[in-house]
Structure formats: structure tokens, C-alpha cells
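Below is one structure; the comments refer to it alone.
Chains as they are written, first to last, in my numbering: chain H, 7 to 169; chain D, 748 to 989.
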């Protein structure tokens with residue numbers, strides 16, 4: 007009987023420890039929702055990356071600079087609540103040849119479950135057409151090319167801008 | 748909620764201590780009285796879980812009902828079971844969902860408490876196999892976006908995309924049950940039981956998880972243990988007397 011009593015107490019003690027739930031936190035190593043990775047490519051030779059002179063990108067709808075400085079490979083944050091996002095692509099910034107092309111990137115979103123602490127990760131699929139230039143005439147961007155239409159990670163580029 | 752659990756645990760601890768206190772007296776008593784063993788009548792007890800009932804009354808986001816049954820088949824051996832139904836809406840971290848469904852648990856209780864002549868109390872340890880049929884509705888969720896460039900990315904997603912119904916789910920698990928029942932008046936018992944649940948198998952909802960299973964309660968991602976308890980009031984129908 008004594009043994010049983012000890013066993014019982016042991017079990018009840020075990021219950022409180024297991025009853026104390028571990029705090030669920032979203033661990034830093036969990037990959038967040040991906041951004042679009044863009045390459046600036048040479049129109050004549052699309053295999054080659056080429057950075058435009060005096061290159062700059064301005065997001066439309068927010069007074070904020072992009073987190074990374076423009077180069078031949080850049081990440082563009084997509085809007086979760088909408089299925090398109092617009093940026094101004096500027097070449098020869100500040101000079102008399104300054105040329106601004108407004109580019110709209112179109113996509114569909116799908117969300118995948120991570121866990122309750124992290125919530126969901128948003129992924130995107132580039133729409134058709136993946137990107138359109140909104141301003142008419144004298145465009146310095148000659149075209150776009152889809153490198154990978156599903157944006158679910160940031161391991162490789164998704165879209166190329168030909169210029 | 749967690750506080751309530753801890754409270755009831757302490758109360759139960761007091762309960763077990765006071766019961767074992769009686770036990771010591773009992774052994775002394777047995778020594779100087781005639782050891783007449785009462786024949787064990789087969790008896791059916793049924794009742795309801797008052798905890799579920801109270802919680803349904805007090806909380807807007809919880810609606811549950813559980814009936815408990817046991818059948819005495821041996822001197823210290825009871826076949827036992829529970830049948831219940833739960834509908835609850837919960838916000839756990841970054842997801843808000845409604846879980847609803849029914850469950851049943853079937854198993855046995857073994858009484859370790861030796862009663863004094865005329866008493867009928869139990870301190871039991873038992874096992875249950877349990878099964879649920881349920882569905883989940885994902886009401887809203889947040890998207891993991893630590894850098895948050897666009898301001899609107901904070902808003903939770905409340906319709907479309909991954910939200911919506913996940914029907915036809917089920918889960919199976921077993922429970923180790925420790926409990927006691929105290930006879931209040933003839934044929935009426937108050938009882939409490941604590942359960943440690945271990946998930947055996949579950950049908951996962953698409954693009955989501957069985958975060959809350961009726962009868963099993965919260966399921967955490969990497970830990971398949973759950974815990975639950977009930978506080979029951981039961982009535983005995985002695986239907987066969989030897």
C-alpha cells in the first residue's frame with residue numbers, strides 16, 4: 007500500500023511538471039516569408055549581370071528606403087495584402103539623362119503552416135505577365151525574364167530585368 | 748486556465764492525503780473487529796463532469812459536456828468510460844481557430860483504497876483508450892515577416908488563403924488516469940481525475956495541425972503529451988445483488 011501511495015504521489019508530481027506548458031516562441035532560425043530576388047541583366051547577353059549606371063529603386067506607396075542598396079542582385083519585399091507591388095526603377099539618377107520606369111510585379115500568394123508560434127509563411131507565384139512597365143515611352147527596361155516562378159525561398163533569383 | 752489546473756491539483760493532493768489518513772485508522776480497526784468481507788455487488792455508476800459544465804457556463808469561447816460511466820466488475824476493478832462533446836474557439840500564439848467534435852474514452856480503473864466496513868470510496872489508477880472525431884476552422888492567422896517592410900503586413904489574414912474548414916479529422920490516444928471518488932451520501936459520489944494523455948495517431952488537417960483535439964486538449968508541435976482532468980458527480984444504480 008505504501009508503495010502504491012508513493013507511486014501515486016510520483017504520478018501526480020509528474021502531472022504538474024507536464025502540466026506546465028513550455029512557452030511557445032518562434033525560434034529565430036525559422037525562415038520567414040521570402041522576398042523577391044531580382045537580377046539586373048544585360049539585354050544583349052541575358053546570361054550576364056549588368057548594373058545600370060546611377061541605379062536606384064524607390065518603392066511606391068511608402069516613404070522608406072529599401073533595406074539593401076541597389077546592385078545587380080537585389081531583394082524586393084512583396085506586399086502580403088495585395089497581389090501586386092510597384093517600384094520606380096531609376097537609371098542615371100540626378101543626371102540630365104535620368105530615366106524612371108515604373109514597374110509593377112504581379113503575383114499570387116499562398117500561405118503554408120509553420121507552427122502556432124510562428125504562424126504561416128507566405129509564398130508567391132509570379133503571375134502572367136510577371137511584370138509590366140506602367141509608364142509609356144522611352145523605357146530603359148527592355149523586358150523581364152522569369153528565372154523561377156515560385157517564390158518560396160531566397161536561395162536563387164526569381165526574376166530578371168533586361169536592360 | 749493554468750491557474751485553475753494547479754488549484755485543482757492542490758485540492759486533489761489534500762484529498763489524497765486525507766484519504767490516506769483514514770486508511771491508517773482502518774488497519775487498526777480491522778485488527779479488533781470481525782473481518783467480515785462484504786460481497787461485491789455489480790454496480791453501475793453514471794454522472795457528469797461538472798468542470799466541463801461550469802467552464803461552458805463561465806467562458807463564452809468554450810462549450811463542452813462530458814458524461815462519465817463506470818461498472819464495478821470485481822472487488823477493486825471497474826470498467827470505466829467517458830463520452831463528451833466540445834466546441835471551443837482559441838487564440839494560440841499566431842493562429843485563431845475553432846475546434847469542435849466528440850470523443851469517447853474506454854478503459855478500466857483499479858481501486859487501491861481499502862474501505863472500512865460500510866464505506867465506498869476509491870482511489871484509482873486506470874487506463875483509457877480514447878478516440879475523437881472533430882473538425883477545425885482556422886479563423887485567422889498571422890504571417891511570419893520579421894522585417895516588415897510594407898506596413899500592411901502586420902494585419903492577420905482573416906479570410907481566404909489558408910483560413911477555413913478542415914473537416915473529417917480524428918485522433919486516437921491513451922490516457923493514464925489517477926483519480927478518486929468519495930461517497931457523499933448513499934449512491935452519490937464526488938470524484939476527480941487527472942489524466943496524462945499520449946497521442947497515438949491523428950489525421951492531420953491540411954496545411955495546419957491538430958492544435959486542439961476535443962477530449963485530448965492542446966497538442967503541442969513536438970510534444971505529443973496532453974493533460975486533462977474532470978470533476979464528476981456520479982450516481983450509482985446497484986442493479987445486481989449477489
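Cβ coordinates follow ideal geometry from the N, Cα and C atoms, glycine included.
Where residue i falls, given that 16 or more other Cβ within 10 Å makes a residue buried
{"i": "residue 79 of chain H", "result": "exposed"}
{"i": "residue 775 of chain D", "result": "Any reading at residue 775 of chain D must be qualified, since the residue scores a pLDDT of 45, below 50, and its modelled position is unreliable; no value is offered."}
{"i": "residue 104 of chain H", "result": "exposed"}
{"i": "residue 780 of chain D", "result": "Reliability fails at residue 780 of chain D, whose pLDDT of 47 lies under 50, so the model's placement of it is uncertain and the value that follows must be treated cautiously. Its Cβ having fewer than 16 others within 10 Å, residue 780 of chain D is exposed."}
{"i": "residue 939 of chain D", "result": "buried"}
{"i": "residue 66 of chain H", "result": "exposed"}
{"i": "residue 772 of chain D", "result": "Bear in mind that a pLDDT of 44 at residue 772 of chain D, under 50, signals an unreliable position, so the number given afterwards is only what the model happens to contain. So residue 772 of chain D ends up on the exposed side."}
{"i": "residue 958 of chain D", "result": "buried"}
{"i": "residue 984 of chain D", "result": "exposed"}
{"i": "residue 1 of chain H", "result": "Outside the modelled stretch of chain H, which goes from 7 to 169, sits residue 1 of chain H, for which no answer is possible."}
{"i": "residue 777 of chain D", "result": "Per-residue confidence for residue 777 of chain D stands at a pLDDT of 45, beneath the threshold of 50, marking its modelled position as unreliable; the derived number appears in the next sentence. That one is exposed."}
{"i": "residue 44 of chain H", "result": "buried"}
{"i": "residue 90 of chain H", "result": "exposed"}
{"i": "residue 156 of chain H", "result": "exposed"}
{"i": "residue 148 of chain H", "result": "exposed"}
Three-state class that DSSP yields for residue i in the structure shown
{"i": "residue 776 of chain D", "result": "Caution applies to residue 776 of chain D, whose pLDDT of 45 falls short of 50 and renders its modelled position unreliable; the model cannot decide the point."}
{"i": "residue 154 of chain H", "result": "coil"}
{"i": "residue 856 of chain D", "result": "strand"}
{"i": "residue 847 of chain D", "result": "strand"}
{"i": "residue 59 of chain H", "result": "coil"}
{"i": "residue 825 of chain D", "result": "strand"}
{"i": "residue 928 of chain D", "result": "strand"}
{"i": "residue 799 of chain D", "result": "helix"}
{"i": "residue 85 of chain H", "result": "coil"}
{"i": "residue 99 of chain H", "result": "coil"}
{"i": "residue 901 of chain D", "result": "helix"}
{"i": "residue 818 of chain D", "result": "strand"}
{"i": "residue 876 of chain D", "result": "strand"}
{"i": "residue 912 of chain D", "result": "strand"}
{"i": "residue 966 of chain D", "result": "coil"}
{"i": "residue 70 of chain H", "result": "coil"}
{"i": "residue 804 of chain D", "result": "helix"}
{"i": "residue 35 of chain H", "result": "coil"}
{"i": "residue 767 of chain D", "result": "Because residue 767 of chain D carries a pLDDT of 42, less than 50, the predicted location of this residue cannot be relied on, and the following value inherits that uncertainty. In the structure shown, residue 767 of chain D sits in a helix (DSSP, three-state: H, G or I)."}
{"i": "residue 781 of chain D", "result": "Because the pLDDT of residue 781 of chain D is 49, which lies under 50, any placement of that residue in the model is unreliable, and the number read from its coordinates should be weighed accordingly. Residue state, collapsed to three classes: coil."}
{"i": "residue 948 of chain D", "result": "strand"}
{"i": "residue 135 of chain H", "result": "strand"}
{"i": "residue 117 of chain H", "result": "strand"}
{"i": "residue 971 of chain D", "result": "coil"}
{"i": "residue 941 of chain D", "result": "strand"}
{"i": "residue 866 of chain D", "result": "coil"}
{"i": "residue 107 of chain H", "result": "strand"}
{"i": "residue 90 of chain H", "result": "strand"}
{"i": "residue 958 of chain D", "result": "coil"}
{"i": "residue 123 of chain H", "result": "coil"}
{"i": "residue 840 of chain D", "result": "coil"}
{"i": "residue 894 of chain D", "result": "coil"}
{"i": "residue 920 of chain D", "result": "strand"}
{"i": "residue 979 of chain D", "result": "strand"}
{"i": "residue 163 of chain H", "result": "coil"}
Whole-number beta carbon distance between residue j and residue i, since they are thought to touch under 8 Å
{"i": "residue 876 of chain D", "j": "residue 916 of chain D", "result": "Incorrect: roughly 18 Å between the Cβ atoms, too far for contact."}
{"i": "residue 873 of chain D", "j": "residue 860 of chain D", "result": "With a Cβ gap of about 13 Å, residue 873 of chain D and residue 860 of chain D do not count as contacting."}
{"i": "residue 99 of chain H", "j": "residue 60 of chain H", "result": "4 Å"}
{"i": "residue 909 of chain D", "j": "residue 888 of chain D", "result": "7 Å"}
{"i": "residue 152 of chain H", "j": "residue 168 of chain H", "result": "Actually they do not touch by this definition, with Cβ atoms about 12 Å apart."}
{"i": "residue 136 of chain H", "j": "residue 112 of chain H", "result": "6 Å"}
{"i": "residue 1021 of chain D", "j": "residue 851 of chain D", "result": "In the structure as shown, chain D begins at 748 and stops at 989. Residue 1021 of chain D is therefore absent and cannot be evaluated."}
{"i": "residue 163 of chain H", "j": "residue 840 of chain D", "result": "33 Å between Cβ atoms; not a contact."}
{"i": "residue 796 of chain D", "j": "residue 816 of chain D", "result": "About 11 Å; that fails the 8 Å criterion."}
Cross-chain neighbours of residue i in chain H, by beta carbon under 7 Å
{"i": "residue 955 of chain D", "result": "119"}
{"i": "residue 958 of chain D", "result": "122"}
{"i": "residue 842 of chain D", "result": "122, 125"}
Where residue i meets chain H, residues with beta-carbon distance less than 8 Å
{"i": "residue 855 of chain D", "result": "Those within 8 Å of residue 855 of chain D in chain H number zero; the least Cβ separation is about 16 Å."}
{"i": "residue 839 of chain D", "result": "30, 122"}
Interface residues of chain H facing residue i [CB-CB closer than 9 Å]
{"i": "residue 902 of chain D", "result": "86, 87"}
{"i": "residue 909 of chain D", "result": "116, 117, 118, 119, 126"}
Amino acids of chain D, ordered along the chain, whose beta-carbon sits closer than 7 Å to that of residue i
{"i": "residue 64 of chain H", "result": "Those within 7 Å of residue 64 of chain H in chain D number zero; the least Cβ separation is about 13 Å."}
{"i": "residue 136 of chain H", "result": "Result: empty, since nearest Cβ-Cβ is about 19 Å, beyond 7 Å."}
Chain-ordered chain D contacts of residue i [CB-CB under 9 Å]
{"i": "residue 83 of chain H", "result": "892, 894, 895, 896, 897, 900"}
{"i": "residue 38 of chain H", "result": "890, 891, 892, 893, 894"}
{"i": "residue 33 of chain H", "result": "By Cβ distance, chain D contributes nothing, its closest Cβ being about 11 Å from residue 33 of chain H, past 9 Å."}
{"i": "residue 73 of chain H", "result": "894, 896"}
Contacts that residue i makes with chain D (C-beta to C-beta distance below 8 Å)
{"i": "residue 68 of chain H", "result": "896, 897, 898"}
Residue i CB to nearest heavy atom of the ligand MN below 8 Å
{"i": "residue 89 of chain H", "result": "Of the ligands one can find in the structure shown there are none, so the ligand MN has no counterpart to examine."}
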